[in-house]
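Participant: Following this message is one structure expressed as structure tokens.
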Amino acid sequence: MQVSSRHHLRSDAIDDLTASLADALGVDIEGDTFELVELDNTAFDIVLVDGEKLVASVDDEPFLTVEGANEYPPQRGLVTVDAGAIEFVSNGADVMRPGIVEIDDRITAGDLVAIAEETHGKTLAVGRAQTDSDDMLGDAGKVVDSIHHVGDDLYEFSV
66 MQVSSRHHLR
76 SDAIDDLTAS
86 LADALGVDIE
96 GDTFELVELD
106 NTAFDIVLVD
116 GEKLVASVDD
126 EPFLTVEGAN
136 EYPPQRGLVT
146 VDAGAIEFVS
156 NGADVMRPGI
166 VEIDDRITAG
176 DLVAIAEETH
186 GKTLAVGRAQ
196 TDSDDMLGDA
206 GKVVDSIHHV
216 GDDLYEFSV
């Protein structure tokens, strides 16, 4: 991943970003500096908060990175998977219905979601919901496409 540009966000852009994350996830991101890092040939850009890659912009929609979601655990937009799904989700697999144990009932198809494991509540991945929350439980089928996970290029990227 190559950086194409870096610049600090203006205060109004920071307000928009933090308000969007508060609305979508119920988190209040705080920091002294917010820096947009635009990347070449990726589906996302990164926002560094006090130098930490806590936020990614996915298709111009801000969302927490795995690191960000572990620092600021989402109160909304969360899909929780069982222990059997941890290895798969951590390696970038999409989320399947049988592995889900808990869902935020406000999720709609197309929403970005954080995917956490049930034992410790740690976020393993970020994905895009393919169905509404009321259709996520069941015996078979993919319901969340993985976008970013522990150990991927974004997770390992450093500026």
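Under the working numbering, the final residue of the sequence shown carries the number 224; numbering is consecutive throughout. Beta carbons: idealized from backbone N, C-alpha and C, even for Gly.
Would you mind working out which of Arg171, Gly175 and Pro163 sits nearest Val123, comparing C-alpha positions?
Facilitator: The residue given as residue 123 occupies position 58 in the sequence shown. Checking every option, the nearest Cα to that of Val123 belongs to Gly175.
Participant: Within the continuous beta strand (DSSP E) that includes Leu143, where are the two ends?
Facilitator: Here the question's residue 143 lines up with position 78 in the sequence shown. Taken as a continuous stretch (DSSP letters only), the beta strand (DSSP E) holding Leu143 covers Leu143 to Val146.
Participant: Which two residues bound the contiguous alpha helix (DSSP H) that contains Glu221?
Facilitator: One-based indexing of the sequence shown puts residue 221 at position 156. For Glu221, the enclosing alpha helix (DSSP H) covers residues Asp218 to Glu221.
Participant: If you draw a straight line from the C-alpha of Ser198 to the C-alpha of Leu119, how long is it?
Facilitator: Looking up residue 198 in the sequence shown gives position 133. Looking up residue 119 in the sequence shown gives position 54. Ser198 and Leu119 have their C-alpha atoms spaced approximately 25 Å apart.
Participant: Once DSSP output is grouped into helix, strand and coil, what is the label at Leu101?
Facilitator: Numbered from its first residue, the sequence shown carries residue 101 at position 36. It is a strand residue.
Participant: Whole alpha helix (DSSP H) runs in the stretch 101-183 with 4 or more residues, listed along the chain?
Facilitator: 131-136 and 148-155
Participant: Please go through the same chain and pick out, in chain order, the residues whose beta-carbon is closer than 8 Å to the beta-carbon of Val215, but skip the five residues on each side of it.
Facilitator: Counting from one through the sequence shown, the residue named residue 215 turns up at place 150. So the list reads Val131, Ser155, Leu189 and Ala190, once near-sequence residues are dropped.
Participant: Report buried or exposed for Leu219, applying the criterion of at least 16 other Cβ atoms within 10 angstroms of its Cβ.
Facilitator: Position 154 of the sequence shown, counted from the first residue, corresponds to residue 219. Buried, by the Cβ-count rule.
Participant: What does Gly192 pair with, by DSSP beta-bridge criteria?
Facilitator: What you label residue 192 is simply residue 127 of the sequence shown in a count that begins at 1. Bridge partners of Gly192: Val178 and Ser211.
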